[in-house]
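Structure, as structure tokens:
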Amino acid sequence: MFTLNKLAYELSALEPHMSEKTLSFHYGKHHQAYVDNLNKLVTGTEMEDLSLEEIVIKTTSKPEFSAIFNNAAQVYNHNIFWDCLKPADKEVGIGANIPQGELLSAIEASFESWDNFLTEFKTLALSQFGSGWVWLVKDGDSVKILKTPNGENPLALGLKPLVAIDVWEHSYYLDYQNRRADYLEAILKNLVDWQKASHKFL
Ligand code: MN3
0 MFTLNKLAYE LSALEPHMSE KTLSFHYGKH HQAYVDNLNK LVTGTEMEDL
50 SLEEIVIKTT SKPEFSAIFN NAAQVYNHNI FWDCLKPADK EVGIGANIPQ
100 GELLSAIEAS FESWDNFLTE FKTLALSQFG SGWVWLVKDG DSVKILKTPN
150 GENPLALGLK PLVAIDVWEH SYYLDYQNRR ADYLEAILKN LVDWQKASHK
200 FL
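Here the sequence shown stands for residues 0 to 201, numbered as in numbering that gives the first Met the number 0.
What follows is the structure, encoded as structure tokens:
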């Protein structure tokens, strides 16, 4: 049986950038529902003993398994999303929460500068029509950003996710209404744990 991953922070810890109300619905209701649905769908089947990652890879792009894929992928995607966030650090100045070392070098190699990376990430996220995700992934020694619709993710492509940002409306509507760009700006600059992403890149 799959269970809802524990958060490393309190539901109110991401305020004001992500409200307790948003996180309690998004984590406690949406993410929990994907876990519950996945358990219902795989119990008693050949997939019940597989890991979450194995189920995602096995069901990717297979229409006959779309319900299992959608729920397994959404459990996986939200696990990555919550894990790549942290409470905003009030001790450091604005602009201090950026990647370090080799990740920063890889971002600068692929996107010219940190500021340009932020712009391209937001532009890509705004171009995702409807629900989906935007990812920073490790591809060999470099990094790339990609968008995926609905629950799709880069796992089956063999790419290692460093950062995942949910751009389904349920992730920002209570706090930002239709302002997806403002949500992205706040998350990327304040809540993404760039230090953790830098470690994952190594
Ligand atoms: Mn979501």
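Don't be surprised by glycine CBs; every beta carbon is placed ideally from N, CA and C.
| Is there at least one non-hydrogen atom of ligand 1 closer than 6 Å to the beta-carbon of W113? | In terms of side-chain proximity, the C-beta atom of W113 is found no nearer than 6 Å to any non-hydrogen atom of ligand 1.
| said: If I measure Cβ to Cβ from H77 and keep anything under 6 Å in the same chain, skipping five residues before and after, which residues do I get? | reply: The residues are H30.
| Which value, in whole angstroms, describes the spacing of the CA atoms of R178 and Y172? | Counting only the Cα atoms, Y172 lies some 8 Å from R178.
| Tell me which same chain residues have a C-beta within less than 8 Å of the C-beta of N38, skipping the five on either side of it? | Scanning its chain for C-beta atoms nearer than 8 Å, with the 5 sequence neighbours on each side dropped, one finds around N38 the residues M0 and F1, in chain order.
| message | I'd like the span of the alpha helix (DSSP H) that includes S65, first residue to last. | response | Counting along the chain, S65 sits inside the alpha helix (DSSP H) bounded by residues S65 to D82.
| Where S141 falls: helix, strand or coil (DSSP) | DSSP places S141 in the strand class (E or B) of the three-state scheme.
| Say the cut is 6 Å; is the CB of H29 nearer than that to a heavy atom of ligand 1? | Within the cutoff, so yes.
| Minimum Cβ-Cβ distance from A32 to chain D less than 7 Å | Protein chains in the displayed structure number just one, and chain D is not present.
| Helix, strand or coil: how does DSSP classify V166 here? | If DSSP states are grouped into helix, strand and coil, V166 belongs with coil.
| task | Go ahead and pull the three-state DSSP assignment for P15. | result | In this structure, P15 counts as coil in the three-state DSSP scheme.
| request: Run the proximity test for D165: is its beta-carbon closer than 6 Å to any non-hydrogen atom belonging to ligand 1? | output: In this structure, the C-beta of D165 approaches ligand 1 to less than 6 Å from one of its heavy atoms.
| query | According to the neighbour-count rule (16 or more other Cβ atoms, all chains shown, within 10 Å of its Cβ), is N70 buried or exposed? | reply | A residue is called buried once 16 or more other Cβ atoms fall within 10 Å of its Cβ, and N70 is buried on that count.
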